[in-house]
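By our numbering, the letter at position 181 of the sequence shown is numbered 203, and the numbering carries on one by one without gaps. Ideal placement from N, C-alpha and C gives every residue a C-beta, glycine not left out. A quick write-up on the structure given underneath.
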Amino acid sequence: MQLIAKQYYTPEEYLELEATAEYKSEYIDGQIIPIAGASINHNRITGNFYATLNFAFRQQGKYEVFNSDIRLWIPQKLIYTYPDVIIIADEPEFFNNRTDTITNPQVIIEVLSKSTKSYDREDKFAAYRTIPTFQEYLLIDQNRIHVEQFFKTGKKRWTLCEYDEEDENISLETVSFEISLQDLYNKVKFPHIKSAVENSTS
């Protein structure tokens, strides 16, 4: 996206630029932030999760799953963003009748990268929590087996569960759905991390 030298963009200006852009960007309270391309591990994980959810929801007419082509509008924080995977209960609620932008996620799933993991855990999670329908959040590490699951247990109360064993299953708390870590990480190749012995001999 060729950005004009300008300090602040309105949401409307962002949407106009995004409609003709060659790649996606987020909008965060007046700033337009280009989204970096995803790694192959990122794509494998999101693909595995999306495909398993999509198959499961054939039997559950109440829910629908969307990938990162669908934009999310967070009005209280003036943010447009593209979560990796979104689960919606019942019908999507579109912002201003735009069929590319929804406002009612129940579950959001993000695959962590080095450049976004702090933002995904902190400011982005805080922004998501301002959405009334938002009930559950999963953060998936793409470089090792590790998943953080947050689910709402009351007003301003969230519970954390962690998974890091390949033989474990993740059960969503707000949707009837389960996936094994083995299936979630299918075909994912983790980077080799040198041990202390390897470092001393290299």
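| Query | Result |
| --- | --- |
| Short CB-CB distance (under 9 Å) between P33 and chain D | The chain labelled as chain D is not found in the depicted structure, where only one protein chain is given. |
| Given 8 Å, three or more beta-carbon pairs between the stretch 68-82 and the stretch 175-193 | no |
| DSSP bridge partner residues for A111 (one or two, in chain order) | Y85 |
| Classification of L182 by the beta-carbon crowding that lies within 10 angstroms, buried from 16 upward | exposed |
| The stretch 90-104 touching the stretch 144-154, judged by at least three CB pairs closer than 8 Å | yes |
| Cβ-Cβ distance between F88 and I62 below 9 Å | no |
| Cα-Cα separation, I26 to I201 | Here I26 scores only 45 on pLDDT, less than 50, and its place in the model should not be relied on; the value that follows carries that caveat. Approximately 44 Å between the Cα atoms of the pair. |
| Cα-Cα separation between Y207 and A58, rounded to whole angstroms | 22 Å |
| Which of helix, strand or coil DSSP assigns to N208 | coil |
| Beta-carbon proximity check, E184 vs E170, cutoff 9 Å | yes |
| Buried/exposed call for T42, threshold 16 Cβ in 10 Å | exposed |
| The ligand MN heavy atom lying under 8 Å from the CB of Q29 | Annotation note on the ligand MN: not contained in the displayed structure, which lists no ligands. |
| Pair within 9 Å by beta-carbon distance, F173 and E144 | no |
| Whether S90 touches P105 by CB criterion (9 Å) | yes |
| Rounded straight-line distance, which links the Cα of E187 to that of I167 | 7 Å |
| Nonlocal neighbours in the same chain, by C-beta distance under 7 Å from S217, ignoring five residues either side | Residue confidence is low: S217 scores 46 on pLDDT, short of 50, so the model does not pin down where it sits. Its coordinate-derived value is still stated next. Once the five neighbours on either side are set aside, S217 has no close Cβ partner at all. |
| Identity of the residue in Y85, V133, L160, Q164 nearest W180 by Cα | L160 |
| C-beta atoms of V197 and R66 nearer than 9 Å | no |
| 9 Å Cβ cutoff met for K84 and A111 | yes |
| Simplified DSSP state of F77, which is helix, strand or coil | helix |
| Cα-Cα separation between K146 and Q128, rounded to whole angstroms | 15 Å |
| Buried/exposed call for E122, threshold 16 Cβ in 10 Å | Here residue 122 turns out to be Asp, not Glu, going by the sequence shown. The residue in question, D122, is exposed, as its Cβ has fewer than 16 Cβ neighbours within 10 Å. |
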